[in-house]
Amino acid sequence: MTSRVMQDFNLLLPETVPEALGLLASHKDKATILAGGTDLLVALKFDYAIDNVISLALISGLDELAFDPLLGLTIGAKVTIADIVKSEEVKQHYPALWQSAVIFATPQLRNTATVVGNILRASPAGDCSLALYALGGKVTLESTSGRRDVYLDDFWLSYGVTARQDDELAIAVTVPPPGQGQKSAFRRMTRVTEDLSKINAAVCLQMDGNKCVAARVAMGCVGPTLVRLINVEKSLEGEEITTDLLQAISDTVASDINPIDDIRSSAEYRLKVAGVLVKRVINLALNGGSDQ
Amino acid sequence: MKKHAITLTVNGEERDLIVPSNRTLLDALRDDLGFTDTKYGCGTGECGACTVLVDGTTSINGCLTLAATMDGRSITTAAGLARDGDLHPVQQAFIDNDAIQCGFCTPGMVLKTISILDENPNPSEAEIRQGLEGSICRCTGYTKIVEAVQDASNRLSGLGE
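Respectively, the protein sequence lines represent chains A and B. Going left to right, the first sequence walks through residues 1 to 292 as the numbering used here numbers them. Going left to right, the second sequence walks through residues 1001 to 1161 as the numbering used here numbers them.
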């Protein structure tokens, strides 16, 4: 490849959230937001063009990563993937999120890329996004006219498109506190570790002994957005999780997904492995860290 | 295009410069300040040739960082590692273990090694290989590089030599 030259743009460096919201309100669709930049700068070196780039670099207070047993987990807009990997509380209370962060891209990219940026990218392959989806996360959006929360269930509208309006800044993602019997896990398949996932899955189960009280099961790379596996969730809820149930569930996963052929895998392969992946990610969640 | 006056501390020395909005940290280091030890490989954050350390030992890709967002930050490149004419123990370990062929990935590999050993002074081979994900070598097949990191780990913890 030859040297790549970035598009021209004006870089704006607000120092407070209100200042950033004012810039968004005045520039609207003529501006985009730069947090870690590991996706945006690559896009700007290829075919993406925008007049104004609003950097969060100088804004303090958006780097909060806080866990509260009653309020859950708050991940500020500048919290990096590496911050998640370093958090013992995330590792203990939200294993799915920790597992999705520890395999994320490369060490250099983990030090720069943000969790909220991964959500805003609205990629159907997003690893941390998928874990947060299964864990029931919601995005807090703020504009000059106020603040609103949007659950991830309603956030990704289509490939690369989110519910964020042009004048809104995603200031945080929050995850509910883990229930007493909550078990979660994340797994993915790639060719080499640095690749984007060819297929990934995350699960969050509320268990009462061996019985599954509630389930959220999400899968990536099998549609234009990340998807919930509704039929799998229904099959799990109210049931004791046995080997027979897992096999039955594994056989039904194909009815919940609609994968395509692309450079990372084929629809045929994804349909074949999706059921096995779901079975393994449920076992990983139940066995608390080991998927053997 | 908008220009930005910034100050970077590069290898311990404060440098004032004026950069356009779209100047990457990598280009500012190489073209504005002459630190050509930091390499341009893929330009998309995959190869790690542009790796630099920020504010201590945090490794980042210079090619995916805008210089204007780094005002006031401290950057270490491979050229800043030697002390009083002596190479850094990690650099010496790379030489002594023949962990260099064409050398293009080496500045990034050496900086990444410093970052790995700062977090974990005695990494296992698996931990070294995981730590080096994000830095690609097209010559050596990594064996010599892993040995150099192990040797550097021993030298830095006083076990080597």
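Ideal placement from N, C-alpha and C gives every residue a C-beta, glycine not left out.
Cross-chain neighbours of residue i in chain B, by beta carbon under 9 Å
| i | result |
| --- | --- |
| D83/A | By Cβ distance, chain B contributes nothing, its closest Cβ being about 11 Å from D83/A, past 9 Å. |
| S55/A | L1066, A1068, T1069 |
| E194/A | E1046, E1133, G1134, I1136 |
Interface partners of residue i on chain B, CB under 8 Å
| i | result |
| --- | --- |
| D7/A | In the sequence under discussion, the amino acid at residue 7/A is Gln, which differs from the Asp named in the question. Residues of chain B passing the Cβ test: N1022. |
Presumed contact (8 Å Cβ cut-off) between residue i and residue j, rounded CB distance
| i | j | result |
| --- | --- | --- |
| L58/A | P18/A | 13 Å between Cβ atoms; not a contact. |
| L130/A | S100/A | 7 Å |
| K183/A | L286/A | 6 Å |
| D256/A | L229/A | 4 Å |
| S55/A | L109/A | Their Cβ separation, rounded to whole angstroms, is 18 Å, which puts S55/A and L109/A out of contact at 8 Å. |
| V150/A | A163/A | 5 Å |
| V227/A | A215/A | That belief does not hold up - the Cβ atoms of V227/A and A215/A are roughly 14 Å apart, past 8 Å. |
| Y1115/B | S1059/B | Note that residue 1115/B is Ser in the sequence shown here, rather than Tyr. Rounded, the Cβ-Cβ distance is 4 Å, consistent with contact. |
| V5/A | T32/A | Not really, about 18 Å apart at Cβ, beyond 8 Å. |
| L1156/B | L1132/B | In fact, because the Cβ distance is near 17 Å, the residues do not count as touching under 8 Å. |
| L277/A | P259/A | Actually they do not touch by this definition, with Cβ atoms about 12 Å apart. |
| I103/A | R188/A | 7 Å |
| L284/A | A185/A | 4 Å |
| A1099/B | I1136/B | Wrong, their Cβ atoms sit about 14 Å apart, outside the cutoff. |
| L1111/B | L1053/B | 5 Å |
| E237/A | C212/A | 6 Å |
Identity of the residues DSSP links to residue i by a beta bridge
| i | result |
| --- | --- |
| N1162/B | Lying before the first or after the last residue shown, residue 1162/B is absent from chain B, which here runs from 1001 to 1161. |
| R188/A | N200/A |
| Q247/A | None, per the DSSP bridge assignment. |
| M1109/B | Looking at the DSSP assignment, M1109/B forms no beta bridge with any residue, so it has no partner. |
| F67/A | L73/A |
| R228/A | A218/A |
| R1073/B | Answer is none; R1073/B lacks a bridge partner. |
| C212/A | M207/A |
| I1006/B | L1017/B |
| K272/A | Answer is none; K272/A lacks a bridge partner. |
| E240/A | K211/A |
| D1167/B | Residue coverage of chain B in this structure runs from 1001 to 1161, which leaves residue 1167/B outside it and unanswerable. |
| Q182/A | Q206/A |
| S1059/B | L1053/B |
| A163/A | In DSSP, A163/A forms no bridge with anything. |
| L1066/B | T1024/B |
| S158/A | V161/A |
| N10/A | N52/A |
| T174/A | T74/A, K138/A |
| L169/A | E142/A |
Where residue i meets chain A, residues with beta-carbon distance less than 8 Å
| i | result |
| --- | --- |
| T1044/B | R4, V42, K45 |
| I1060/B | Q108, N111, T112 |
| T1051/B | Q108 |
Residue i: contacting residues in chain A (beta-carbon distance under 7 Å)
| i | result |
| --- | --- |
| T1009/B | Correct list: empty, because the minimum Cβ distance to chain A is about 16 Å. |
| K1002/B | N10, L11 |
Chain A contact residues for residue i, given Cβ-Cβ distances below 9 Å
| i | result |
| --- | --- |
| H1088/B | None at all; the shortest Cβ gap to chain A is about 19 Å. |
7 Å Cβ cut-off: residues of chain B touching residue i
| i | result |
| --- | --- |
| T38/A | G1045, L1064 |
* Asked: What are the uninterrupted segments assigned as beta strand (DSSP E) that are 3 or more residues long and contained completely in the stretch 78-156 of chain A, given in chain order?
  -> 138-143, 146-151
* To do: Report the residue ranges of all alpha helix (DSSP H) runs contained in full by the stretch 16-55 of chain A; include only those spanning at least 4 residues, in chain order.
  => 17-27, 40-45
* So does the stretch 1043-1051 of chain B actually touch the stretch 1101-1111 of chain B, counting three or more Cβ pairs closer than 8 Å? -> yes
* Below 8 Å, can you find three or more Cβ-Cβ pairs linking the stretch 1085-1102 of chain B to the stretch 1119-1135 of chain B? -> no
* Please determine if the stretch 1005-1013 of chain B and the stretch 1070-1084 of chain B are in contact, where contact requires at least 3 C-beta pairs separated by less than 8 Å. => Enough Cβ pairs lie closer than 8 Å, so yes.
* Asked: For the stretch 103-119 of chain A against the stretch 36-50 of chain A, are there 3 or more C-beta pairs whose distance is under 8 Å?
  -> yes
* **Touch test, the stretch 171-189 of chain A against the stretch 70-85 of chain A, Cβ-Cβ under 8 Å, three pairs minimum** => yes
* Sufficient close CB pairs (3 or more, under 8 Å) joining the stretch 91-105 of chain A to the stretch 194-205 of chain A -> The stretch 91-105 of chain A vs the stretch 194-205 of chain A: in contact.
* Asked: Contact between the stretch 74-84 of chain A and the stretch 153-163 of chain A: three or more CB pairs below 8 Å?
  -> no
* **Those runs of the alpha helix (DSSP H) which lie wholly inside the stretch 1116-1161 of chain B and span at least 4 residues** => 1125-1131, 1143-1156
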